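Below: one structure, written as structure tokens.
2 protein chains.
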Amino acid sequence: MSTPILGYAAQSAQDNLEPYRFERREPRADDVVIDILFCGVCHSDLHQARNDWANSVYPVVPGHEIIGRVISVGSSVTRFKAGDQVGVGCMVDSCQHCEPCHHGLEQYCVEFPTFTYNGTDRHDHAPTYGGYSEKIIVSDKFVLKVPDGLDLAGAAPLLCAGITTYSPLRHWKVGKGSKVAVVGLGGLGHMALKLAKALGAEVTLFTRSADKEQDARRLGADNIVISTDDAQMAAVNSRFDLIIDTVPYVHDINPYMPTLNISGTLVLVGYLGPLDPFLNSAPLVLGRKSVAGSLIGGIAETQEMLDFCGEHGITSDIEVIKIQEINEAYERMLKSDVKYRFVIDMASLKA
Amino acid sequence: MSTPILGYAAQSAQDNLEPYRFERREPRADDVVIDILFCGVCHSDLHQARNDWANSVYPVVPGHEIIGRVISVGSSVTRFKAGDQVGVGCMVDSCQHCEPCHHGLEQYCVEFPTFTYNGTDRHDHAPTYGGYSEKIIVSDKFVLKVPDGLDLAGAAPLLCAGITTYSPLRHWKVGKGSKVAVVGLGGLGHMALKLAKALGAEVTLFTRSADKEQDARRLGADNIVISTDDAQMAAVNSRFDLIIDTVPYVHDINPYMPTLNISGTLVLVGYLGPLDPFLNSAPLVLGRKSVAGSLIGGIAETQEMLDFCGEHGITSDIEVIKIQEINEAYERMLKSDVKYRFVIDMASLKA
């Protein structure tokens with residue numbers, strides 16, 4: 001028997017998000033039925049609601065930073081039981097048989113993962129609807145355990161902003177003695193500061209505005225470099241092993257390349273598109289440097305990140321909103337007017 | 001007492017190379033005096049002779065793929081003695097105290113290495129003159145041992161083309177089971193095929209011309225992919241762990257990015273300049289892929305490469321010329337009319 005659900009959806013690229021009633025599938029044997037408590041508001045939600053990537057299928061129910069409580073589980077589910085605090089991130093399924101899936105890299109599934117919203121279920125071919133809703137039903141393989149002691153609202157953004165920055169920090173082996181820089185101080189950037197610091201790195205924030213210094217230091221930055229100040233940039237020449245670039249729009253990455261140490265890597269996590277102006281290969285060749293990209297993280301790594309955050313008491317800095325405030329929140333996000341993530345208290349849906 | 005030397009030099013960007021008499025320094029305690037037997041002709045020689053990089057200081061005596069025999073050694077030299085077969089590559093000195101130098105990465109010396117020609121000696125500030133000459137005098141730290149049994153003329157290009165391709169193969173851990181592709185079949189490309197194959201990789205050549213197939217297979221390629229053939233490109237989607245891109249001029253690297261496996265790297269070794277057209281970051285982010293660069297190799301790694309070539313009987317495919325034919329050879333290089341490297345028999349200088 002399918003489950004009637006109340007959520008918020010965009011019915012077209014031009015529409016505000018409004019209440020929307022839909023049905024979720026009858027739970028399968030491997031499904032976990034989750035009562036959604038909090039849902040983070042990611043920039044992707046806005047892009048998808050407004051069809052910025054030209055791939056939206058309406059109605060769009062956004063939300064992939066989901067924290068909830070298990071209501072019930074299917075007959076084959078052993079890892080979860082009613083009452084557990086759980087998370088769901090950007091993916092709810094993948095092919096499970098390709099090489100990346102076998103290596104725990106479901107985000108790079110050769111057949112593409114099933115995204116939490118604006119996706120298509122691999123079994124019944126129904127559209128997927130995200131976390132701006134009462135409940136979600138997800139295969140147990142894609143449900144994460146949320147460690148005790150973490151603030152549940154603050155934990156929601158870990159499911160996307162957290163893992164998106166944690167995964168490259170781990171892949172490029174950041175630890176004690178590493179020198180990491182972060183470009184951009186938003187939802188992703190503020191998590192990158194916290195996580196890099198907790199991993200033991202010396203952490204620097206590149207920013208264009210000096211007024212971010214106090215906040216950056218509170219979040220874990222040891223140093224702040226004003227990226228438009230030539231003298232400050234020259235002072236960090238050849239300094240960093242890894243630069244996490246969280247900027248979500250086209251921007252010039254050339255000025256950051258000289259600040260990488262020999263064999264260092266700048267990893268893009270926020271921007272998909274042409275690197276305009278032209279990336280100059282000379283600093284790459286003359287210093288064995290790399291420009292790379294990284295996409296969220298696999299399920300096992302997401303669990304590892306949540307456990308790491310549990311141990312270190314790391315959550316996102318958030319502003320809790322009611323679902324009725326979502327359209328206003330989107331407008332404020334467009335002006336970067338949020339420190340540093342909106343999280344919807346889903347209890348408001350019942351109000 | 002300084003040593004009078006006959007060499008070949010360009011006196012300006014417009015001049016052909018012509019005989020030129022100059023002096024080399026009085027040998028210092030750590031110097032090795034080398035009678036030059038063979039010198040490979042690298043594309044850089046042509047660029048520098050013609051001031052293509054706008055940094056040439058005339059006269060330019062090119063040549064940094066040098067094979068010779070030791071004539072004498074300074075008082076503090078213990079690793080070499082008269083009669084030894086030795087090599088000199090692109091560098092003759094470096095600061096020896098920066099972090100890269102301490103890690104055997106003299107090519108990335110923070111104060112820049114002293115290049116074998118068109119450089120400036122760190123001690124007497126005299127210009128450096130390269131291997132298109134009778135003799136060269138080099139600090140023992142920058143002199144390589146040439147294993148017995150290697151054809152000396154064929155070994156000369158190992159000092160630049162060999163190490164330039166060997167270093168990234170080693171840095172990115174190519175070995176048995178690796179899948180490597182090479183873009184471009186010239187001096188660098190043909191060495192990349194041989195070395196990747198000898199390291200145990202499955203090797204593919206990307207080329208625009210089907211007529212290179214037979215030669216590529218002889219040199220070590222398991223597969224040939226015509227890069228302008230969409231079906232052939234699609235057939236190697238997500239295949240390669242490492243792509244060595246040896247193309248020495250501006251070119252579009254975007255078509256190669258889908259052929260990298262998850263976490264794969266395309267490394268540029270031949271081109272310094274803007275990546276035009278724009279590199280698209282989407283394949284980087286969606287597959288954790290990297291675009292990197294690499295420059296020659298350190299001295300210890302160059303020795304490792306020569307020893308590896310000695311064990312595997314690897315030399316360059318060459319066409320031996322007389323020094324008097326150098327200007328004609330440059331014209332043929334511009335038309336890629338060489339398989340795969342010109343090497344000057346320096347005995348011709350005495351003719």
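Protein sequences appear in the order of chains A and B. At position 247 of the first sequence the residue is numbered 247 (the UniProt record's numbering), and the sequence of numbers has no breaks. At position 11 of the second sequence the residue is numbered 11 (the UniProt record's numbering), and the sequence of numbers has no breaks. Using N, Cα and C, we set each Cβ at its ideal position, and we do this for glycine too. Note that the coordinates shown come from a computational prediction; the quantities given were computed from them, not determined experimentally.
is_contact[residue i, chain A] using C-beta, thresh 9 angstroms
i: K289(B); result: yes
i: T259(B); result: no
i: H47(B); result: no
i: P283(B); result: yes
i: G293(B); result: yes
i: V269(B); result: yes
i: T120(B); result: no
i: H171(B); result: yes
Straight-line gap, residue i to residue j (C-alpha atoms, nearest Å)
i: V225(A); j: V236(A); result: 8 angstroms
i: D15(B); j: L188(B); result: 27 angstroms
i: H171(A); j: R332(B); result: 46 angstroms
i: A216(B); j: S76(A); result: 54 angstroms
i: L242(B); j: L260(B); result: 7 angstroms
i: H312(B); j: I326(B); result: 30 angstroms
i: R69(B); j: G177(A); result: 45 angstroms
i: S316(A); j: G87(A); result: 14 angstroms
i: K135(A); j: E328(A); result: 23 angstroms
i: Q303(B); j: K141(B); result: 11 angstroms
i: residue 352(A); j: K145(A); result: An answer regarding residue 352(A) cannot be provided, because it is not within the stretch 1 to 351 covered by chain A.
i: F38(B); j: A153(B); result: 6 angstroms
i: H103(B); j: R239(A); result: 16 angstroms
i: Q214(A); j: H190(A); result: 13 angstroms
i: P157(A); j: K289(B); result: 25 angstroms
i: M257(B); j: R28(B); result: 50 angstroms
i: G200(B); j: C309(A); result: 42 angstroms
i: T120(A); j: S133(A); result: 17 angstroms
i: L150(B); j: G186(A); result: 58 angstroms
i: M305(A); j: G131(A); result: 20 angstroms
i: V32(A); j: I344(A); result: 21 angstroms
i: S12(B); j: D45(B); result: 13 angstroms
i: A192(B); j: D229(B); result: 23 angstroms
i: V338(B); j: P168(A); result: 44 angstroms
Cβ of residue i within 9 angstroms of any chain B Cβ
i: G104(A); result: no
i: T265(A); result: yes
Contact list for residue i against chain B, beta-carbon separation under 8 angstroms
i: A300(A); result: Under the 8 angstroms cutoff, chain B gives no residues; its nearest Cβ is about 15 angstroms from A300(A).
i: L286(A); result: Y108, L272, G293 and L295
Contact check, residue i vs residue j, beta carbons under 9 angstroms
i: Y108(B); j: Y117(B); result: no
i: I5(B); j: E23(B); result: yes
i: I71(B); j: D30(B); result: no
i: Y20(A); j: V57(A); result: no
i: V183(A); j: I244(A); result: yes
i: K173(A); j: E202(A); result: no
i: G297(B); j: I137(B); result: no
i: S336(B); j: G293(A); result: no
i: I314(A); j: F342(A); result: no
i: F115(A); j: V92(A); result: yes
Proximal residues of chain A, C-beta to C-beta of residue i below 9 angstroms
i: N280(B); result: L272, G273, P274 and L275
Residues that residue i contacts on chain A, provided the C-beta gap is smaller than 7 angstroms
i: I262(B); result: P100, L105 and Y108
i: H251(B); result: Per Cβ cutoff of 7 angstroms: no residues; H251(B) is ~11 angstroms from chain A at best.
Proximal chain B residues relative to residue i, where beta-carbon distance stays under 7 angstroms
i: T204(A); result: Simply none; closest approach about 18 angstroms.
Within chain A, partners of residue i - CB distance below 8 angstroms
i: S238(B); result: V110
Contact with chain E by residue i, beta-carbon distance below 9 angstroms
i: E111(A); result: Within the model displayed, chain E is absent; protein chains A and B are what it includes.
*Could you say if the stretch 265 to 283 of chain B and the stretch 238 to 253 of chain B meet the contact criterion of at least three C-beta pairs nearer than 8 angstroms?*
yes
*Pair every Cβ in the stretch 59 to 67 of chain B with every Cβ in the stretch 82 to 97 of chain B, then say whether three or more of these pairs are closer than 8 angstroms.*
yes
*asked:* For the pair the stretch 318 to 325 of chain A and the stretch 194 to 210 of chain A, tell me if three or more CB-CB distances fall below 8 angstroms.
replied: no
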